[in-house]
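The structure appears below as structure tokens.
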Amino acid sequence: MAMRSSGRAVAAARLCTCATSSTTSAGLPTALAAVRTFTSSSASQSKTPQYEGHVPLSAFQKAFMTVGSALASLHNPARADMIATLSETSGERFLPRLRDQMLATAEGRALLVDQPTINSRTVSMDHLRSLPDGSLGRAYVDWLEWCGVTPDTRAPVQYVDDPELRYVMQRYREAHDLYHLLCLMPTSLLGETVVKYFEYSHFGLPVALLSSIGGPIRLITSPNENTRKQVLDPLFTKLIPWAVRMGTQVKPLIGIRWEDRWEQNFGELRRELGFEDPPVRVEYERKKNGGKRKAWSSQVVSAQQQRAAAAEAAAAAAAAEAQHVNSSASPSSSAAPSSPTSQHP
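The opening position of the sequence shown corresponds to residue 44 in the working numbering, with each subsequent residue numbered one higher.
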């Protein structure tokens with residue numbers, strides 16, 4: 044990072060020196076010509092891909108794609124490709140503020156230097172499953188499985204021109220499931236809406252604002268009257284105010300190196316960051332078997348109890364098996380019971 048910052052400073056100093064020299068020797072028109080040449084050169088360079096997968100766009104193209112992807116996202120919020128496009132074409136000028144938040148801490152600066160990613164190729168899900176109950180890593184992988192989602196669905200950024208800002212957007216995108224987890228929200232329409240209000244309040248990206256508007260519209264237009272009554276009232280009176288308050292209250296999340304936090308206690312981490320529990324527990328449909336489950340927080344307790352009971356039963360079965368093998372009892376002795384199947388959610 045020091046080299047990058049130094050490079051920017053040197054480039055700026057050279058530009059100032061060039062402009063000053065031109066003004067002194069040949070007058071103001073020469074200086075303006077130098078600036079125009081520099082601007083033209085920069086514009087032509089912007090048409091050259093700046094990183095692998097980069098798709099350079101003109102201002103008109105970005106504006107056109109912003110409008111098109113916004114309309115498509117409102118029409119069908121499930122279009123993840125349109126939401127991803129909208130986030131890039133509309134959010135680039137907001138990314139420097141998030142980068143500054145990363146630069147403000149050693150943890151965030153390390154992220155910008157190393158640029159780690161979060162997916163099943165870079166993070167061992169088996170390792171996270173092996174972590175103790177109550178840790179962030181275990182909570183994260185359990186949440187992924189309960190909700191039936193994967194960290195591999197985040198599209199790579201391609202329309203953000205600056206390589207460093209590209210990583211900021213990619214980091215925001217890949218940590219989306221962790222924001223769900225920290226807010227104790229499922230991936231249902233209601234849970235997603237709450238998280239989008241939180242994201243807009245916390246990160247300030249336009250795509251989150253549009254998504255936060257689209258969610259309530261779909262709920263309001265739902266043909267199910269019971270759904271409207273049971274969902275809209277807690278959403279508008281309790282959950283949205285809570286999400287907005289959390290967005291302004293918690294520490295900047297963009298600079299958190301989650302890879303170094305997997306073993307940290309989940310509750311301790313939420314307190315460190317400034318999270319409070321939501322005022323309403325949101326039900327969600329478990330993706331694996333379609334069964335209705337209570338909110339994520341109560342699911343944790345249930346899962347821990349099931350795993351503890353299964354482990355205790357397995358230990359008892361193993362002890363009984365060992366006793367059976369070592370025993371000199373008659374062949375009529377009953378066999379040890381088989382180990383029960385763990386009901387891991």
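Note that beta-carbon positions come from the ideal geometry of N, C-alpha and C, so glycine has one too. Since the structure is predicted, the reported quantities are computational estimates derived from the model, not experimental observations.
Buried or exposed: residue i, going by 16 or more other Cβ atoms within 10 Å of its Cβ?
i: Val98; result: exposed
i: Thr91; result: exposed
i: Gln273; result: exposed
i: Val184; result: buried
i: Glu306; result: exposed
i: His223; result: buried
i: Ile21; result: Beyond the ends of the chain as shown, which are 44 and 388, falls residue 21; an answer cannot be given.
i: Ala106; result: exposed
i: Ser178; result: buried
i: Gly96; result: exposed
i: Val110; result: exposed
i: Ala102; result: exposed
i: Ser255; result: buried
i: Arg214; result: buried
With a CB to CB cut of under 7 Å and the five nearest residues on each side skipped, what residues in its chain are close to residue i?
i: Gly317; result: Gln292, Val293 and Lys294
i: Glu221; result: A small fix is needed here, since residue 221 is Leu in this sequence, not Glu. For Leu221, where only same-chain residues beyond five positions count, the Cβ hits under 7 Å are Tyr183 and Trp301.
i: Ala113; result: Leu129 and Leu253
i: Leu312; result: Leu179 and Arg304
i: Thr148; result: Gly298
Alpha carbons only, please: which of the options is nearest the one belonging to residue i?
i: Asp303; options: Met108, Leu171, Leu232 and Pro139; result: Leu171
i: Val250; options: Thr128, Tyr222 and Asp176; result: Thr128
i: Asp176; options: Ile126, Leu233 and Gly310; result: Gly310
i: Phe246; options: Ser167, Ala147 and Ile297; result: Ile297
i: Gln201; options: Leu312, Tyr94, Glu188 and Tyr240; result: Tyr94
i: Leu278; options: Gly96, Arg164 and Lys239; result: Lys239
i: Leu138; options: Asp195, Lys281, Val203 and Leu312; result: Val203
i: Glu131; options: Pro322, Gln104, Pro259 and Leu282; result: Gln104
i: Glu188; options: Asp169, Pro199, Pro206 and Asp205; result: Asp169
i: Pro229; options: Leu117, Asn119, Ala113 and Val323; result: Val323
i: Arg288; options: Glu319, Gly96 and Gly111; result: Glu319
i: Ser133; options: Pro120, Asn119, Met108 and Ser163; result: Met108
i: Pro284; options: Leu146, Arg261, Thr236 and Glu207; result: Thr236
i: Gly258; options: Ser101, Leu248, Ser163 and Ser231; result: Ser231
i: Gly290; options: Leu233, Lys281, Pro199 and Ser244; result: Ser244
i: Leu282; options: Asn119, Arg152 and Pro321; result: Pro321
i: Ala286; options: Leu154, Val156 and Glu242; result: Glu242
i: Asp195; options: Leu146, Ser167, Gln144 and Leu248; result: Ser167
Report all residues from its chain with a CB closer than 6 Å to the CB of residue i; omit the five preceding and five following residues, and keep chain order.
i: Trp339; result: Confidence in Trp339 is poor, its pLDDT being 40 and thus under 50, which makes the residue's placement unreliable; the coordinate value appears in the next sentence. The residues are Leu227.
i: Arg197; result: Arg216 and Glu217
i: Ala210; result: Contrary to the premise, residue 210 reads as Tyr rather than Ala in this sequence. Gln158, listed in sequence order.
i: Ala372; result: Residue placement at Ala372 is flagged as unreliable, the pLDDT there being 48, under the threshold of 50; a coordinate-derived value is accordingly withheld.
i: Arg142; result: Val211
i: Leu233; result: Val274 and Val325
i: Leu117; result: Gly257
Per DSSP, residue i forms a beta bridge with which residues?
i: Ser167; result: Partner(s): none; Ser167 has no beta bridge.
i: Ser130; result: Note: Ser130 sits in no beta bridge, so no partner.
i: Ser173; result: None; Ser173 has no bridge partner.
i: Asn308; result: Ser178
Is there at least one non-hydrogen atom of the ligand ATP closer than 8 Å to the beta-carbon of residue i?
i: Ser167; result: Ligands displayed in this structure: none; no statement on the ligand ATP is therefore possible.
Can you list, in chain order, the residues of its chain with a C-beta nearer than 8 Å to that of residue i? Leave out the 5 residues immediately preceding and following it.
i: Glu315; result: Lys294
i: Trp186; result: Asp220, His223, Leu224 and Trp339
i: Ala115; result: Arg122 and Met125
i: Thr280; result: none
Length-filtered (3 minimum) beta strand (DSSP E) runs lying within the segment 203-246
none
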